[in-house]
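S.K.:
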Amino acid sequence: MKSAILGLVAVSLVMSPVQARDYRAEQDAVAARVAPEIWDVYEPRTGTYNPSNAYLCAHAVQTVARHGHEESMAGNFFDQVVEIDGGDGLPRVVVAAGEKMVLAVFDPPPHRSIAKMWKFLQLGLTDSAEWLGGGGRIHSGGAKGIDAIWDDFHAQLAAVHGRNQPVWLAGHGLGGSLAVLAAYRLVADEGIPIQGVYTFGQPRVGDSGFAAAFEEALEVFDDGGPLYRVVYRNDIVPRLTPPYVATTRLVTDTLSPYVHFGALMFIASEGGVEANPGRLESLDASLFELKDRRNHEMGMYQRFLYDALDEQLRAQLPKPVGLRRGKRILEN
Numbered sequence: 454m455k456s457a458i459l460g461l462v463a464v465s466l467v468m469s470p471v472q473a474r475d476y477r478a479e480q481d482a483v484a485a486r487v488a489p490e491i492w493d494v495y496e497p498r499t500g501t502y503n504p505s506n507a508y509l510c511a512h513a514v515q516t517v518a519r520h521g522h523e524e525s526m527a528g529n530f531f532d533q534v535v536e537i538d539g540g541d542g543l544p545r546v547v548v549a550a551g552e553k554m555v556l557a558v559f560d561p562p563p564h565r566s567i568a569k570m571w572k573f574l575q576l577g578l579t580d581s582a583e584w585l586g587g588g589g590r591i592h593s594g595g596a597k598g599i600d601a602i603w604d605d606f607h608a609q610l611a612a613v614h615g616r617n618q619p620v621w622l623a624g625h626g627l628g629g630s631l632a633v634l635a636a637y638r639l640v641a642d643e644g645i646p647i648q649g650v651y652t653f654g655q656p657r658v659g660d661s662g663f664a665a666a667f668e669e670a671l672e673v674f675d676d677g678g679p680l681y682r683v684v685y686r687n688d689i690v691p692r693l694t695p696p697y698v699a700t701t702r703l704v705t706d707t708l709s710p711y712v713h714f715g716a717l718m719f720i721a722s723e724g725g726v727e728a729n730p731g732r733l734e735s736l737d738a739s740l741f742e743l744k745d746r747r748n749h750e751m752g753m754y755q756r757f758l759y760d761a762l763d764e765q766l767r768a769q770l771p772k773p774v775g776l777r778r779g780k781r782i783l784e785n
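So for the sequence shown, the numbering used here puts the first residue at 454; every next one is plus one.
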């Protein structure tokens with residue numbers, strides 16, 4: 454992979470078959486950034502859901518999803534940004550590190566439709582990963598994705614974590630599932646503590662045994678933190694429940710070994726974030742447009758989280774990047 458200079462020094466490293474690209478801010482480039490650093494409003498040591506943290510994680514996820522924009526995260530707050538790419542059909546992870554915190558954003562391989570994602574979700578559960586340590590069963594595709602990038606991801610995280618900064622993870626959709634698996638593996642297998650995880654439109658990732666193991670390893674609070682599952686009411690992906698027997702029919706109301714866990718941060722049809730409303734799973738599946746991908750898009754989540762900020766924070770933070778308005782499926 455070739456190096457490129459884009460106002461930052463891009464140092465390319467090839468770790469076959471995984472590729473890593475290291476962006477470090479030049480002194481002149483950093484000095485030229487006189488605008489306030491947007492990440493200064495992030496509260497890296499909080500133990501509760503935070504609206505500005507949620508929005509900035511969503512902003513980072515959207516930035517990483519727009520391939521080629523990762524270097525824009527490097528600056529005064531994050532002095533190093535490293536992209537680790539597992540290759541075709543495998544996930545990417547971008548690790549941004551600074552004195553105050555480390556943020557890892559997981560980006561899954563693309564699935565062109567909800568139907569293709571549904572097929573992927575039905576690959577089945579596995580308990581064969583050694584790092585699970587008997588802690589239940591997880592989605593086999595997620596286990597494969599984490600294993601493919603783990604050595605390089607863990608090495609990079611360990612290298613930048615020498616200052617004992619709080620570690621945060623984030624991801625959208627299947628990237629959120631990867632963030633959950635990575636959080637568990639870092640704590641249970643590597644002994645690296647996790648401050649928090651933000652996922653957006655995340656599908657179920659494991660069974661009740663894994664949920665219990667995750668909650669024990671991360672010392673999950675009664676309210677579900679430090680895992681914050683942000684879910685838009687009209688997004689079908691978090692409600693998909695892969696059954697024991699594979700099917701081409703997208704289903705949300707079938708007998709399934711998969712469970713959700715963590716704090717549900719629920720976005721109503723017209724916005725506003727409510728913690729653990731206890732009603733998501735009871736919604737009538739027939740009201741959803743099962744093939745409407747727009748309501749799962751990261752831009753939708755970013756827009757709603759931005760609108761939920763108070764006026765002062767909206768003035769400090771960047772506006773959402775690109776948005777196609779999804780179809781309104783449910784009324785408040």
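Even glycine gets a Cβ: it sits at the ideal position worked out from N, Cα and C. Because the structure is a prediction, the values reported are computed rather than measured.
Report the three-state DSSP secondary structure of Q648 (helix, strand or coil).
M.R.: If DSSP states are grouped into helix, strand and coil, Q648 belongs with coil.
S.K.: Classify E669 as helix, strand or coil using the three-state DSSP reduction.
M.R.: Looking at E669 - three-state DSSP - the assignment turns out to be helix.
S.K.: Pairs of beta-carbons, one from the stretch 659 to 678 and one from the stretch 618 to 629, closer than 8 Å: are there three or more?
M.R.: In short, these stretches do not touch, since the Cβ pair count stays below three.
S.K.: With a floor of 3 residues, list each beta strand (DSSP E) that falls wholly inside the stretch 609 to 656, ordered by position along the chain.
M.R.: Runs of the beta strand (DSSP E) inside the stretch 609 to 656: 620 to 625, 649 to 653.
S.K.: Ordered along the chain, which non-local residues of its own chain (more than five positions away) have a Cβ less than 6 Å from that of L509?
M.R.: Excluding residues within five positions, the ones whose Cβ falls inside 6 Å are Y495.
S.K.: R746: which of E583, A568, F573 sits nearest, CA to CA?
M.R.: Of the candidates E583, A568, F573, the one whose C-alpha sits nearest the C-alpha of R746 is A568.
S.K.: According to DSSP, is V683 part of a helix, a strand, or is it coil?
M.R.: V683: strand per DSSP, three-state reduction.
S.K.: For Q575, which of helix, strand or coil comes out of DSSP?
M.R.: In the structure shown, Q575 sits in coil (DSSP, three-state: anything other than H, G, I, E or B).
S.K.: Cβ of A511 within 9 Å of Cβ of V683?
M.R.: It is a contact, given that the beta carbons lie within the stated cut-off.
S.K.: Using three-state DSSP, classify I554 as helix, strand or coil.
M.R.: According to the sequence as given, residue 554 is Met; it is not Ile. Coil, per DSSP.
S.K.: How should R692 be labelled, buried or exposed, when 16 other C-beta atoms within 10 angstroms of its C-beta is the threshold for buried?
M.R.: When all chains shown are included, R692 counts as buried.
S.K.: Does the distance from the C-beta atom of M554 to that of V620 stay below 9 Å?
M.R.: Yes, these two residues count as a Cβ contact at 9 Å.
S.K.: What residue range does the beta strand (DSSP E) around V534 cover?
M.R.: Per DSSP, V534 belongs to the beta strand (DSSP E) from 533 to 538.
S.K.: Using only CA atoms, which one of V558, E669, P504, T705 lies nearest to L770?
M.R.: When each option's Cα is compared against that of L770, the closest is P504.
S.K.: Beta carbon of L574, beta carbon of P695: below 9 Å?
M.R.: It is a contact, given that the beta carbons lie within the stated cut-off.
S.K.: Measure how close the beta-carbons of E552 and Q618 come, nearest whole angstrom, since I'm counting them as under 8 Å.
M.R.: Indeed, because the Cβ distance is near 7 Å, the residues count as touching under 8 Å.
S.K.: Are the beta-carbon atoms of A518 and A549 separated by less than 9 Å?
M.R.: No, they are not a contact pair.
S.K.: Please tell me whether, using a cut-off of 8 Å, the distance from the CB of I599 to the nearest non-hydrogen atom of the ligand SAH is below it.
M.R.: No copy of the ligand SAH occurs in the structure displayed, which carries no ligand at all.
S.K.: State the Cα-Cα distance for the pair N748 and P656, rounded to the nearest angstrom.
M.R.: If I take the Cα positions, the gap works out to 14 Å.
S.K.: Do you know whose CA, among F531, A623, W571, lies nearest T701's CA?
M.R.: That would be W571, whose Cα lies nearest to the Cα of T701.
S.K.: How many angstroms separate the CA atom of L631 from the CA atom of D760?
M.R.: Taking the straight line joining both Cα atoms gives about 27 Å.
S.K.: Using CA atoms only, rank isn't needed, just tell me which of P730, G724, A728, M751 is closest to L762.
M.R.: Among P730, G724, A728, M751, the Cα nearest to that of L762 is on G724.
S.K.: Sort I537, Y711, M718 by Cα distance to F606 and report the nearest one.
M.R.: The option with the nearest alpha carbon to F606 is I537.
S.K.: What's the C-alpha gap between V633 and D493?
M.R.: Between V633 and D493, the C-alpha separation is close to 25 Å.
S.K.: What residue range is occupied by the uninterrupted beta strand (DSSP E) comprising E727?
M.R.: Per DSSP, E727 belongs to the beta strand (DSSP E) from 726 to 728.
S.K.: Select from G615, H614, A635, R616 the residue whose C-alpha is nearest the C-alpha of A418.
M.R.: The first residue shown for the chain is 454 and the last is 785, placing residue 418 beyond what the model contains.
S.K.: Within 10 Å of its beta-carbon, does Y697 have 16 or more other beta-carbons around it, so buried, or fewer, so exposed?
M.R.: Exposed: under 16 other Cβ atoms inside 10 Å.
S.K.: So, helix, strand or coil for R545, using DSSP?
M.R.: In this structure, R545 counts as strand in the three-state DSSP scheme.
S.K.: Write down the C-beta distance between V640 and A596 rounded to the nearest angstrom, noting that I regard them as a contact closer than 8 Å.
M.R.: With a Cβ gap of about 16 Å, V640 and A596 do not count as contacting.
S.K.: So, under 8 Å CB-CB, V514 and M718 are touching, yes? Tell me the CB distance rounded to an integer number of Å.
M.R.: That belief does not hold up - the Cβ atoms of V514 and M718 are roughly 15 Å apart, past 8 Å.
S.K.: Figure out for me which residue from I720, L556, H520, N729 has the closest Cα to the Cα of D532.
M.R.: Looking at the Cα atoms, L556 is the closest of the given residues.
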